[in-house]
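Accompanying notes for the structure given below.
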Amino acid sequence: MHYTGTIWRPPYEAASLLLEVTAGCTHHKCKFCTLYDDLPFRFRMSPPEDIECDLQEAKRAMKGWNSGSTCRVFLTGANPFVLSYNKLTAIAELIHKYLPSVNSIGSFARITDVIPKTDEELAKLRTFGYDGLTIGIETGDDEALRFMNKGYTSADIIEQCKRLDAAGIHYNFFYLVSVSGAGRGEIGAKLTAEICNQIHPALIGANMLTIDPASELYAEIRRGSWQEEGELEKYKEVRTLIENLQIPVIFAAMGASNAYQFYGQLPKDRKKLLAFLDEIIGNVSEEELQRYRKSVHHL
Numbered sequence: 002m003h004y005t006g007t008i009w010r011p012p013y014e015a016a017s018l019l020l021e022v023t024a025g026c027t028h029h030k031c032k033f034c035t036l037y038d039d040l041p042f043r044f045r046m047s048p049p050e051d052i053e054c055d056l057q058e059a060k061r062a063m064k065g066w067n068s069g070s071t072c073r074v075f076l077t078g079a080n081p082f083v084l085s086y087n088k089l090t091a092i093a094e095l096i097h098k099y100l101p102s103v104n105s106i107g108s109f110a111r112i113t114d115v116i117p118k119t120d121e122e123l124a125k126l127r128t129f130g131y132d133g134l135t136i137g138i139e140t141g142d143d144e145a146l147r148f149m150n151k152g153y154t155s156a157d158i159i160e161q162c163k164r165l166d167a168a169g170i171h172y173n174f175f176y177l178v179s180v181s182g183a184g185r186g187e188i189g190a191k192l193t194a195e196i197c198n199q200i201h202p203a204l205i206g207a208n209m210l211t212i213d214p215a216s217e218l219y220a221e222i223r224r225g226s227w228q229e230e231g232e233l234e235k236y237k238e239v240r241t242l243i244e245n246l247q248i249p250v251i252f253a254a255m256g257a258s259n260a261y262q263f264y265g266q267l268p269k270d271r272k273k274l275l276a277f278l279d280e281i282i283g284n285v286s287e288e289e290l291q292r293y294r295k296s297v298h299h300l
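First residue of the sequence shown? That's 2 in our numbering, and the numbers climb one at a time after it.
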């Protein structure tokens, strides 16, 4: 298989076939992110012959599987969904040619990746199997989105996700705890809940911001332009988000950036999740949580 640099995937894609179709990020301007700094380029699409070669290898490896079993493919890279409609359909056709049992194709995506595609193209991509995109919206706080150079607004999140809803393409959100900065975490959480309540994410995954000294955000902190939340403040922020979400959605904190991992279905598990967070806030020290934060090296 052709893989370039560190390969990132959501925790819930552990059983998916990871197929490299892009490497790097088309945006590569978010102040907090260093995930793709190990690459000698900003972004590139894999040569079609490499994609086909990897699918042939996967087919050989899967020969012992039940031919009727379903399988999911997750396209790697920061935002493969940026590729044009024609390129995405060509990739899907190759996947179905070599792995006919595949009925679902996911990837990371940016909100801006949806904008150039027509409503008809989005609907057709769904028929090709594209579903379950993971979008790092980070927050619904426009002040934080601007400061972090995300390249879109909360209004864009609502507009483009409504288009995905209309096309039948399901999507999951990554929420970045502390992205609004010290003293604004609960404000950011309420603003995020406000936009999520207008759309239909299947899952909201919370990740605790971990600041890499190589990041532009670290330089902003050194300049005194931004201040990170304390660890207990981060958990209060997550609590506020859960408290204000009014849609049916899975809420999860399963990545390594979370000292305490949890998973639940809202609204059914709201009381259980809030009680769990209250236990952390009331009984775990800031110092203990800081020790964990220092042991983590990325987001």
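The beta-carbon is built from N, C-alpha and C at its ideal position, and this holds for glycine as well.
A straight line joining the alpha-carbon of serine 108 with that of leucine 89 spans about 11 Å. Residue burial is scored here from C-beta neighbours: serine 286 has fewer than 16 other C-beta atoms within 10 angstroms and is therefore classed as exposed. For alanine 59, the closest C-alpha among the options Ser17, Phe42 and Glu280 is that of Ser17. In terms of Cα proximity to isoleucine 205, the closest of Gly130, Leu134, Cys31 and Ala79 is Leu134.
According to DSSP, phenylalanine 175 shares a beta bridge with Gly206. Within the DSSP bridge table, the entry for methionine 63 names no partner. Straight-line measurement puts the Cα of isoleucine 106 at about 9 Å from the Cα of cysteine 72. In the three-state DSSP reduction, threonine 27 falls in the coil class, being neither helix nor strand.
Linking glutamate 217 to cysteine 162 through their CA atoms gives a straight-line distance of about 29 Å. Annotation: the continuous beta strand (DSSP E) that includes glutamine 266 extends over 263-267. According to the DSSP assignment, alanine 253 belongs to the beta strand (DSSP E) that extends over 250-254. Secondary structure remark: continuous beta strand (DSSP E) runs of at least 3 residues inside the region 97-141, in chain order: 103-110 and 134-139.
Annotation: valine 103 to histidine 97 spans about 7 Å, alpha carbon to alpha carbon. Per DSSP, reduced to three states, the secondary structure at glutamate 229 is coil, with no helix or strand assignment.
The alpha-carbon separation between isoleucine 170 and glutamate 289 amounts to approximately 41 Å. With 16 or more other Cβ atoms inside 10 Å of its own Cβ, glycine 78 counts as buried.
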